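Reading through the structure tokens given below for one structure.
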Amino acid sequence: MSSQVTLSLNSAFRVAPVRRRTFGAFVEHLGRCVYTGIHEPDHPSADEHGFRTDVLELTRELGVSSVRYPGGNFVSGYRWEDGVGPVDQRPVRHDLAWHSSDPNTVGLDEFMTWAKKAEVEPMYAVNLGTRGVQEALDVLEYANAPAGTHLSDQRVANTGAEQPHGIRMWCLGNEMDGPWQIGHKTAEEYARVATEAARAMRMEDPDLELIVCGSSSSAMPTFGAWENTVLTEAYDFVDMVSAHAYYSEKDDDQASFLASADDMDHFIDAVVATADHVRAKLKREKRIMISFDEWNVWYQHRAESRPPSGDDWPVAPVLLEDIYSAQDAVVFGNLLISLLRHSDRVASASLAQLVNVIAPIMTEPGGRAWKQTTFHPFALTSRHAKGEVLQVNIDAPRFENQRFGSSSSADAVATWDDESGDLALFVVNRDASGSLSLGVDLAAGGFGELELVEALTLHHEDPYAANSADAPDTVAPQVNDTVVVEDGRLRGELPAISWSVLRLRRTAA
Ligand code: AHR
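For the sequence shown, my numbering assigns the number 2 to the initial residue and increments by one for each residue that follows.
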């Protein structure tokens, strides 16, 4: 017999409007993300710029809103100038972060062309590892200044277009707290250079949206203290602080892995608390928002994540090509639930990454592109989350796990679009021990009369089942025909380890 879960929702329980930027992703010069990922001039589907149109189509289908570029760890040793101008004159460089060679055939201008085709907003990271304020200003001038300056005229000459790129979101370096980062800094050192870069960039354009590096993970020994030091100095010059988190099943501890979103919730709450502590200390009105610009499931300790070594500096090696299971997709969908639930403070998020590298989209060089299991919760949430995010009250049994003690078997968030009358409920059963019987009282929610439009569930009898190029639909959402709306009540069965989207529409006020 399955356990009961009761969800309470009300159109008045509003968190914040759904932000399109929650559905961002990330393209780094890493492994096969760029080369043979988004860009492969010899591929049968390549367009006139060498971009794979099969990947462009999947990116649009995924519903990606913004894309962070060009790194990641890569950016901390990157010279942006290497990637602009005539392609045949661009230098090949060693990328120290991933022990690879970069031919630089894709750079800022190509990325902007791709972003337009993919219909995504760009988010650009500057190098504050080996470089500093001047280079940040240079790339800003190159990208955004109207024609008539030294660097903007180079852009016009290189692209043949007068129009500036108009990039609004800029990351001030990447994971500068991490000892693995090229040019790693103490909080004080980073606070200085980030504040000066931000101040100077605002002199060029006061309307930029600037993201200062928070901790690379909440497990860092400096977590909290880092945010405090950095924000205390940079507060007036930045809009967002970054957060990064990756989850994986460790030591066969499936239960803790299934509850990963509890960690994301705590992480976000802790960063908000620290940012608001600095706000109080400095007596400021403005609130700093979070850019959760790297999040995903990532099996970091597997061989897939080991960079080449020694004399081997390959171009576009197979790196971080994790294959995701049904269970990974459920945890992943739950992480998106957590991000949406925090839409009052998470102003932007980027799934790391988009293609081949810990990615929802995989490609074969010269061949097929296919969807990983994680593609589905992302695409469906991006497509159906509309209007306002609603807080959901969850009354569910709990399951024991080592990491958190105990966690709720069910987790959920809803969105409500008053104008169209669309209600979407995103819900997970993250308990491996059995199915849950869901009950939601809709009559008292102030939604008017609702009918069921669609109920889709992602689940597989084998939680470790995955997709592949040959079997791309092994794990995909299926219609859940146990879900019904009767007498103002929604009910249905949620199988163990499943993610669902339940869509309803108002039929009468
Ligand atoms: O997304 C993969 C890597 O994870 C990024 O390059 C880095 O910022 C993080 O540690």
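All residues carry an ideal CB built from backbone N, CA and C; glycine is no exception. Every value quoted in this text rests on a predicted model; they were computed, and no experiment measured them.
Per DSSP, what kind of secondary structure is Thr-508 in: helix, strand or coil?
In the structure shown, Thr-508 falls within a strand segment according to DSSP collapsed to helix, strand and coil.
Pro-18, DSSP secondary structure in three states:
Reduced to three states, the DSSP call for Pro-18 is strand.
Whether Tyr-325 touches Thr-375 by CB criterion (8 Å):
Yes; because the gap between Cβ atoms is below 8 Å, this pair is in contact.
Kindly confirm or deny that the stretch 13-29 and the stretch 382-397 touch, where touching means at least three C-beta pairs closer than 8 Å.
Taking one beta carbon from each stretch, the stretch 13-29 and the stretch 382-397 have 3 or more pairs nearer than 8 Å; the two touch.
Quick one: does the C-beta of Leu-352 sit closer than 7 Å to a heavy atom of the ligand AHR?
No, since every heavy atom of the ligand AHR falls outside the 7 Å radius drawn around the Cβ of Leu-352.
Since I believe Ala-271 is in contact with His-215 (beta carbons under 8 Å), could you give me their beta-carbon distance rounded to a whole number of angstroms?
The question names His, but residue 215 in the sequence shown is Gly. With 8 Å as the limit, Gly-215 and Ala-271 do not qualify as a contact, their Cβ atoms being about 10 Å apart.
On the three-pair Cβ rule with 8 Å, is the stretch 456-473 touching the stretch 311-321?
Because the criterion of three Cβ pairs below 8 Å is not met, the stretch 456-473 and the stretch 311-321 do not touch.
Is there contact here, the stretch 100-120 with the stretch 49-67, by at least three beta-carbon pairs under 8 Å?
With the rule of 3 Cβ pairs closer than 8 Å, the stretch 100-120 counts as touching the stretch 49-67.
Do Glu-295 and the ligand AHR come close, with the Cβ less than 7 Å from some heavy atom?
The answer is yes for Glu-295.
Once you ignore the five residues that flank Trp-99 on each side, which residues in its own chain have a CB closer than 6 Å to its CB?
The residues Leu-31 and Pro-308, in chain order, have a CB closer than 6 Å to that of Trp-99 in the same chain once the five nearest residues on each side in sequence are set aside.
When you compare the CB of Lys-372 with every CB in chain C, is at least one pair closer than 8 Å?
Any reference to chain C falls outside this structure, which holds one protein chain only.
Spatially closest choice to His-95 from Ile-183, Ala-281 and Ala-188, by CA coordinates
Of the residues Ile-183, Ala-281 and Ala-188, the one whose Cα lies closest to the Cα of His-95 is Ile-183.
Beta-carbon proximity check, Leu-355 vs Val-76, cutoff 8 Å:
No, they are not a contact pair.
If you draw a straight line from the alpha carbon of Thr-160 to that of Cys-34, how long is it in whole angstroms?
Spanning the two alpha carbons is a distance of roughly 23 Å.
Just to confirm before moving on: does the CB-CB distance between Phe-400 and Leu-340 stay below 8 Å?
Against a cut-off of 8 Å, the Cβ pair of Leu-340 and Phe-400 comes out as no contact.
Quick one: is the Cβ of Leu-437 within less than 7 Å of any heavy atom of the ligand AHR?
Not under cutoff, so the answer is no.
In the DSSP assignment, what residue or residues form a beta bridge with Gln-5?
The partner list for Gln-5 (beta bridge, DSSP) reads Ser-438.
Would you check if there are 3 or more beta carbon pairs closer than 8 Å linking the stretch 400-410 to the stretch 479-491?
By the Cβ test, the stretch 400-410 is not in contact with the stretch 479-491, since fewer than three Cβ pairs between them sit closer than 8 Å.
May I have the straight-line CA-CA distance separating Ala-198 from Leu-138, to the nearest angstrom?
Going by C-alpha positions, Ala-198 is about 8 Å away from Leu-138.
Going by beta carbon distance, what residues of the same chain come within less than 6 Å of Ser-383, once the five residues before and after it are set aside?
Cβ neighbours of Ser-383 beyond the five flanking positions: Phe-24 and Gly-64.
When you compare only the Cα positions, how much space is there between Ala-256 and Asn-394?
Roughly 22 Å separates the two Cα atoms.
In chain order, which beta strand (DSSP E) runs of at least 3 residues are fully inside the stretch 235-259?
Those beta strand (DSSP E) runs which fall completely within the stretch 235-259 and span 3+ residues are 241-248.
Give every residue of the same chain whose Cβ lies closer than 6 Å to the Cβ of Glu-205, excluding the five residues on either side of it in the sequence, and list them in chain order.
By the criterion of a C-beta distance shorter than 6 Å, Glu-205 is surrounded in its chain by Leu-141, once the five residues flanking it on both sides are discounted.
Output the residue ranges of the beta strand (DSSP E) runs that lie fully inside the stretch 84-114 and measure 3 residues or longer, sorted by chain position.
Qualifying beta strand (DSSP E) stretches, in chain order: 94-96 and 101-103.
Within 10 Å of its beta-carbon, does Asp-488 have 16 or more other beta-carbons around it, so buried, or fewer, so exposed?
With fewer than 16 Cβ atoms within 10 Å of its Cβ, Asp-488 is classed as exposed.
Let me check you understand the geometry: is the CB of His-302 closer than 7 Å to at least one non-hydrogen atom of the ligand AHR?
Checking the Cβ of His-302 against the ligand AHR gives no.
DSSP three-state label for Phe-448, please.
Looking at Phe-448 - three-state DSSP - the assignment turns out to be coil, as it is neither helix nor strand.
Name the DSSP beta bridge partners of Asn-430, please?
Asn-430 is bridged to Ala-411 and Ser-499.
When you compare each of Asp-89, Val-157 and Tyr-79 to Ala-126 by their alpha carbons, which one comes out closest?
Closest option to Ala-126, judged by alpha-carbon separation, among Asp-89, Val-157 and Tyr-79: Tyr-79.
Quick check on DSSP: helix, strand or coil for Glu-120?
Looking at Glu-120 - three-state DSSP - the assignment turns out to be coil, as it is neither helix nor strand.
First and last residue of the beta strand (DSSP E) that includes Val-213?
For Val-213, the uninterrupted beta strand (DSSP E) segment begins and ends at 210-213.
How many angstroms separate the CA atom of Glu-228 from the CA atom of Phe-268?
When only Cα atoms are considered, Glu-228 and Phe-268 end up about 12 Å apart.
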